[in-house]
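Scroll down for the structure; my scribbles are underneath it.
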Amino acid sequence: MNTEQHKVSVIIPIYNAEKTLVKCLESVVNQTYKNIEIILINDGSSDKSEAICKDYLEKDTRIIYIKQENKGIGFTRNKGISLSTSDYICFVDSDDWVEDNYVELLINNLVKYDADISIGEVNYVFTVEDYLKKPKQLNEKIELLKSEEALKLIFLDKELKSFPWMKIFKKSLFKNIKYPENITHFEDLATNYKIFSVANKIVRSNQKIYNYVYFQNSNSNSKEILRQYEFIITKNEMFLFSKNYKFDSKTEKKILKNTLSDCFNSIKKIIRQININFLPKELETVRKELRHYLNKDITKLNLEHFVFLRLFIYFPHLFYKLIKLNKKKY
């Protein structure tokens, strides 16, 4: 199918990515689908990222390059969307790279099935050698989903993930939706379910066209506390949003269990990095945020969640000591 008449904006947020940026840009400029604009947004990098961007800017007229003071990933994604001059957008992170048919496969499926969002699959890569060993998928399988079906999978955190990359969106979906600019992490988790909620049809391919590169987490304790805190707040917002939909009771119970499991895992990670006598304000905020779960039917909670929730809300110091003293068990 020839869909080259559909221009696609490829948005690449960049922050101190000199080690990976060339591989990323090479994979984008060499796409089999040529009708693209490539929007590079340098979010205050202090390394050689700008020099690399300017080098590619001279080589390829499809590239738009913007340099800004460090504003964060949410602001940067929103900036890319606002700069886009096409009706279709996709993202590539500067740490990663894509297969040469990344755009072609996604836009072809979106147009063919008259969808609002087109999704592919991801390769999780630790090393180049690891990538080369992965088997290639030959036969494409297509699945069509309605908005509520896709949201169910997102809320359950199964099959559909909230990454902005590996997808092509109709730009119109972002008319009243923006990535949050007041958080440092999980801007994608806080946004993608809202985008899916205004889509009518989603098409999903089993083809692995995006290569996500794993890096060892080197966050300091303070940054990790903030990261886990923002995750808890975002997961709680997702749960509250899910109540707008009348899922069956089994699904509702799974969403509740998934949410509380994720929240308590993050709470434990925070507690294990702090002094028991020092309660960061983030945990006090979380206690207030989670109070509404106290009203949930006990039959929808497992015993651990039931007990942990009440200890955490009513006896926080006791809860902190319990987690500190039982690192392996909990």
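If you read the sequence shown in the working numbering, its first letter stands for residue 904, the second for the next number, and so on. Note that CB positions come from ideal geometry on N, CA and C, so glycine has one too. Computed from a predicted structure; not experimentally measured.
Do the segment 1102-1119 and the segment 1019-1031 meet, that is, are 3 or more Cβ pairs less than 8 Å apart?
yes
Which complete alpha helix (DSSP H) runs does the segment 951-1030 hold, if anything under 4 residues is left out?
Fully enclosed alpha helix (DSSP H) runs of 4 or longer: 952-962, 976-986 and 1005-1015.
Cα-Cα separation, residue 1169 to residue 1135
Rounded to the nearest whole angstrom, the C-alpha separation of residue 1169 and residue 1135 is 7 Å.
In terms of residues, what are the limits of the beta strand (DSSP E) holding residue 1150?
DSSP places residue 1150 in no beta strand (DSSP E); its state is neither H nor E.
Environment of residue 1188 [buried if 16+ CB atoms lie within 10 Å]
exposed
So residue 1108 and residue 1045 are supposed to be a Cβ contact under 8 Å. How far apart are they, rounded?
Confirmed, about 6 Å.
What distance in whole Å lies between the Cβ atoms of residue 907 and residue 937, which are believed to be in contact at a cut-off of 8 Å?
Correct: roughly 7 Å between the Cβ atoms.
Tell me whether residue 1072 sits in a helix, a strand or coil according to DSSP, three-state version.
In the structure shown, residue 1072 falls within a strand segment according to DSSP collapsed to helix, strand and coil.
Host alpha helix (DSSP H) of residue 1095 (start-end)
Per DSSP, residue 1095 belongs to the alpha helix (DSSP H) from 1095-1100.
If residue 1128 sits next to residue 1080, beta carbons under 8 Å apart, how far is it from one beta carbon to the other, in whole angstroms?
Not really, about 28 Å apart at Cβ, beyond 8 Å.
Taking the CB atoms as reference points, tell me whether residue 1295 and residue 1073 lie closer together than 7 Å.
Past the edges of the chain, shown from 904 to 1233, lies residue 1295, and the structure says nothing about it.
Kindly examine the ligand NAD and report whether one of its heavy atoms sits closer than 6 Å to the Cβ of residue 1006.
Within the structure as shown, the ligand NAD is missing, as the structure has no ligands at all.
In chain order, what residues of the same chain lie with their CB nearer than 8 Å to the CB of residue 1214, ignoring the 5 residues before and after it?
1221, 1222 and 1225
Please go through the same chain and pick out, in chain order, the residues whose beta-carbon is closer than 6 Å to the beta-carbon of residue 1095, but skip the five residues on each side of it.
1065
State the DSSP-derived secondary structure class of residue 1108, mapped to helix, strand or coil.
strand
By Cβ distance, which residues of its chain are closer than 6 Å to residue 915, with the 5 residues on each side in sequence left out?
943, 995 and 997
CB-CB under 8 Å to residue 955, same chain, minus the five flanking residues each way: which ones, in chain order?
Taken in chain order, the residues that qualify are 921, 924, 925 and 928.
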